[in-house]
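The numbering of the sequence shown is the working numbering, which starts it at 56 and goes up by one.
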Amino acid sequence: SESAKNSSTFIPPTSAVFNQAEQHIDQETLMLTLFLLHERSKGIKSFWYPYIQVLPTTFSTPLFHKENYVENTSVYYLTETMRQSMSEVYDLINPKTFTLEDFLWAYTIIGSRSFKLTDFSTTLIPLADLANHVSFAQEASLCTKSVDKQTNRLVLKTTDKKIEAGDELCVKYNSELANWQLLLYYGFTIENNSFDSILLELKMDPNDTYEMEMKKILLLNLSMLNFVE
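Following this line, the structure appears as C-alpha cells:
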C-alpha cells in the first residue's frame, strides 16, 4: 500500500468515505483495491502493467460463481453478506471508471494474493504470490520475513527444507484455516484438513439489525486472517 500512498496520479477517496466504509472493509485493503483498479485503467502506461497482465481475471471462489454450488451452507450466506457489504462500499465510492464486478475482482486479488509484512503494510508481491498454500510451516519452502531497509526491497528466503530442482515452491497462508475459509477466500479446500471446523448458525429475528452488524464484523475479522505470514 506504500505505492498507493506515494502515487502522484492516484487520488484516494475522502476520509469520510473511508470512515463510512470501515465497517465493511479496512482502510488499507480499500486503498490497495482502488489503487490496483487505478493502475489497471492506465493500461500499458502503468509501471505495474506486466504484473497486472498475469493476474487472474476470474476466480473459483463462491463470490465469482453464479451457480449456487454452496447453497444451503454457511459459506453461501457469508458469500452473500460479503457481496452486499462490498456493494455498499462500491456505492459509497460512486465510481465512474469501473463496475461493481471490477471492484470485486480487485478486492479478491488483494484478499487472496497479498502479504502482510512486519516492516511494511499490506503488499502485493509479483511472482511470490504464485506460490501455493501448505497447512504447516515446516512444509513451506518459502518464507517472507525480511525487507532490505537500504534498498527498500523484499528479500524472499527459502526455509530450511531441502529444495530440489523442479520442486514446487510453497508458502503457509496465515493462521490455521478451515476448509470453509479456504473456499470462501481462495476457492479451494484441502482433503483431511487438520484445521477444519464447521460454522454453527443460530436463527434470530430478521428485524434484528444488531445481528447484521455482528455478521459484518465477523466478515471483517475473517478478512484479517487471509494474509500470508
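C-beta atoms are modelled at their ideal positions from N, C-alpha and C, and glycine is treated no differently.
{"Query": "I need the straight-line Cα distance from T163 to Y240, nearest angstrom please.", "Result": "8 Å"}
{"Query": "Mark Y104 as exposed unless 16 or more other C-beta atoms lie within 10 angstroms of its C-beta, in which case mark it buried.", "Result": "exposed"}
{"Query": "In terms of residues, what are the limits of the alpha helix (DSSP H) holding S176?", "Result": "Here S176 belongs to no alpha helix (DSSP H), and DSSP marks it neither H nor E."}
{"Query": "Keeping to the same chain, check which residues put their C-beta closer than 6 Å to that of T84; ignore five residues upstream and five downstream.", "Result": "I165"}
{"Query": "With H, G and I counted as helix, E and B as strand and the rest as coil, what does DSSP make of P67?", "Result": "coil"}
{"Query": "Can you tell me whether DSSP reads S101 as helix, strand or coil?", "Result": "coil"}
{"Query": "State the Cα-Cα distance for the pair T206 and S252, rounded to the nearest angstrom.", "Result": "42 Å"}
{"Query": "Do R95 and I80 come within 8 Å of each other at the CB atom, strictly closer than that value?", "Result": "no"}
{"Query": "Between the stretch 213-226 and the stretch 127-144, do at least 3 Cβ pairs fall closer than 8 Å?", "Result": "no"}
{"Query": "Just the C-alpha distance for L118 and G221, rounded to the nearest angstrom, thanks.", "Result": "34 Å"}
{"Query": "Nearest-angstrom Cα distance between I148 and T88?", "Result": "12 Å"}
{"Query": "Distance, Cα to Cα, L179 vs P111?", "Result": "14 Å"}
{"Query": "Got a sec: does the ligand GTP put a non-hydrogen atom nearer than 7 Å to the Cβ of H93?", "Result": "Only the bare structure without any ligand can be found here, which leaves the ligand GTP out of the picture."}
{"Query": "In whole angstroms, give me the CA-to-CA distance for L159 and S249.", "Result": "30 Å"}
{"Query": "Where do the ends of the alpha helix (DSSP H) carrying D146 lie?", "Result": "S129 to I148"}
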